[in-house]
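Asker:
In our numbering, the protein residues as written are 5 to 496.
Dropping the structure here:
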């Protein structure tokens, strides 16, 4: 049955809700200047090597080896490179990470948590901590909110006619839905083949008109903070149910443009402080707009990794599509695009949301968005701490999978056919094979590739395949990744 529920200015959403030095640029003997990804591997070297040239915690063996012309040889030394040319190794430097945060400000963000504060207050505190954290220095952050209102949308109504194209007026709700679900006619209450009707006329609480109630003359009870809400009176004024903009380009325009921390922190925090949650949850245009902005920024900054962070306390309730599979498909399209944009998802959920399957639905968006699983924040625990942990994890996600292409020293030219990636863990070094492109990645052995084929353009990133990335992420603190220049690229 319905109970007194805050609607604020809009109706409640239901579901919540490391520098790299360049090396030799010339080629000789068995090192052709042209990069041939189809070259066959050289025969195994016979050198014994004694440690070799150490840099960045990685060890390239110096044992001599023999290999057929046009190939490469990886068996000397301590499992590192053994080519006729002495490679120069440096610690691989992660590329800069930029986040475009799409932050839910629907009215249910004003719901209380176990700590007797609102979700919104807890999330604001988490963002303040994260943006001012010294570990976030150098991170790029931009921000937009959802929902955003249509231009000139009515601020109040007493009939459907008052709302125009934002109709209907929020005067009724489905009586048997676990949370507040607006309706206008009985058919609106049939959801997923279940009838949550009837569609019941609402009242408003006498001591706080921001709360609606189901039975006239009955006591409204108390809010989540223990404040008495009075009795349920006739609803005099309400809000239009469809004031939210469904235009993705609106959400693609940032409230705070992407800029580098710590300098950007003050502007982002001022923007957040000026917001008060209200309205529904137009997730589809919010995701589409966020991916548009991230893609535009990534195109202008090809040497950066740009991701979307969707932070919400509910599932889509406004603007088509609302089906999770269709919304997740928007995130999947972002991953498949050029440049590829991943979508991370943070869900802030109470027990009712969990029972209604909200975490599983957000997990689908995250999976299709290329980030495996959503971060689920439990409102019965410390929301601020959980939200900060999620942001910290996202901030660290770029360290293991994408690296800067080394820049040559003055007067030298980088030969993309003489770049190798080497991974060291537990004192053992191994070469990570070059595979050419993402589709050639081996599900078991992994590999790496450039973001741009050197034969077609100038690469800006070295990208680890999923299997290699997983190994890097799971490694101990003593593990490291290095980039070696000066020896022919080892091709699988």
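Quick reminder that beta carbons are idealized off the backbone N, C-alpha and C, glycines included.
Have a look at residue 104 and residue 307 and give me their C-alpha separation to the nearest angstrom.
Answerer: Whole-angstrom Cα-Cα distance: 16 Å.
Asker: Could you check the C-alpha separation between residue 488 and residue 415 for me, to the nearest Å?
Answerer: Taking the straight line joining both Cα atoms gives about 19 Å.
Asker: Just reading off the alpha helix (DSSP H) that residue 394 is part of, what are its end residues?
Answerer: Run containing residue 394: 387–400, per the alpha helix (DSSP H) assignment.
Asker: Report the residue from 128, 178, 269 and 233 whose alpha carbon sits nearest the alpha carbon of residue 137.
Answerer: Considering only alpha carbons, the answer is 269.
Asker: Out of 468, 115 and 464, state which residue places its alpha-carbon closest to the alpha-carbon of residue 439.
Answerer: Ranking 468, 115 and 464 by Cα distance to residue 439 puts 468 first.
Asker: Would you mind giving the Cβ-Cβ distance between residue 230 and residue 209, rounded to the nearest angstrom? I have them listed as a contact below 8 Å.
Answerer: Not really, about 14 Å apart at Cβ, beyond 8 Å.
Asker: Would you mind sorting residue 228 into buried or exposed? The rule is 16 or more other CB atoms within 10 Å of its CB.
Answerer: It counts as exposed.
Asker: Helix, strand or coil: how does DSSP classify residue 497 here?
Answerer: Not covered by the structure: residue 497. The range shown for the chain is 5 to 496.
Asker: What is the DSSP secondary structure of residue 346, reduced to helix, strand or coil?
Answerer: Residue 346 falls in the strand class under three-state DSSP.
Asker: On the criterion of 16 or more Cβ atoms from any shown chain inside 10 Å, does residue 383 qualify as buried, or is it exposed?
Answerer: Buried, by the Cβ-count rule.
Asker: When burial is assigned at 16 or more other CB atoms within 10 Å of the CB, is residue 189 buried or exposed?
Answerer: Residue 189 should be labelled exposed.
Asker: In this structure, how does DSSP classify residue 236 when only helix, strand and coil are distinguished?
Answerer: Three-state DSSP puts residue 236 in a strand.
Asker: Buried or exposed: which applies to residue 142, given that a residue is buried once 16 or more other Cβ atoms fall within 10 Å of its Cβ?
Answerer: Residue 142 is exposed by the Cβ-count criterion.
Asker: Between which two residues does the beta strand (DSSP E) holding residue 287 run?
Answerer: Not the beta strand (DSSP E): residue 287 falls in the alpha helix (DSSP H), residues 287–304.
Asker: Would you call residue 128 buried or exposed, if buried means 16 or more other Cβ atoms sit within 10 Å of its Cβ?
Answerer: It is buried - the Cβ of residue 128 has at least 16 other Cβ atoms within 10 Å.
Asker: Out of 405, 318, 199 and 472, which has the shortest C-alpha to C-alpha gap to residue 108?
Answerer: Nearest C-alpha to residue 108: 318.
Asker: Tell me which residues share the same chain as residue 331 and place their Cβ nearer than 8 Å to its Cβ, disregarding the 5 neighbours each side in the sequence.
Answerer: Same-chain partners within the cutoff: 287, 288, 291, 320, 325 and 369.
Asker: Can you find the residues in the same chain that come closer than 6 Å, C-beta to C-beta, to residue 180, ignoring five residues on each side of it along the sequence?
Answerer: Counting only Cβ-Cβ distances below 6 Å, and skipping sequence neighbours, we find 200.
Asker: Taking the straight line between their C-alpha atoms, what separation do you get for residue 207 and residue 238?
Answerer: Their Cα atoms are separated by approximately 5 Å.
Asker: Between the segment 416–436 and the segment 343–363, do at least 3 Cβ pairs fall closer than 8 Å?
Answerer: No, they do not touch.
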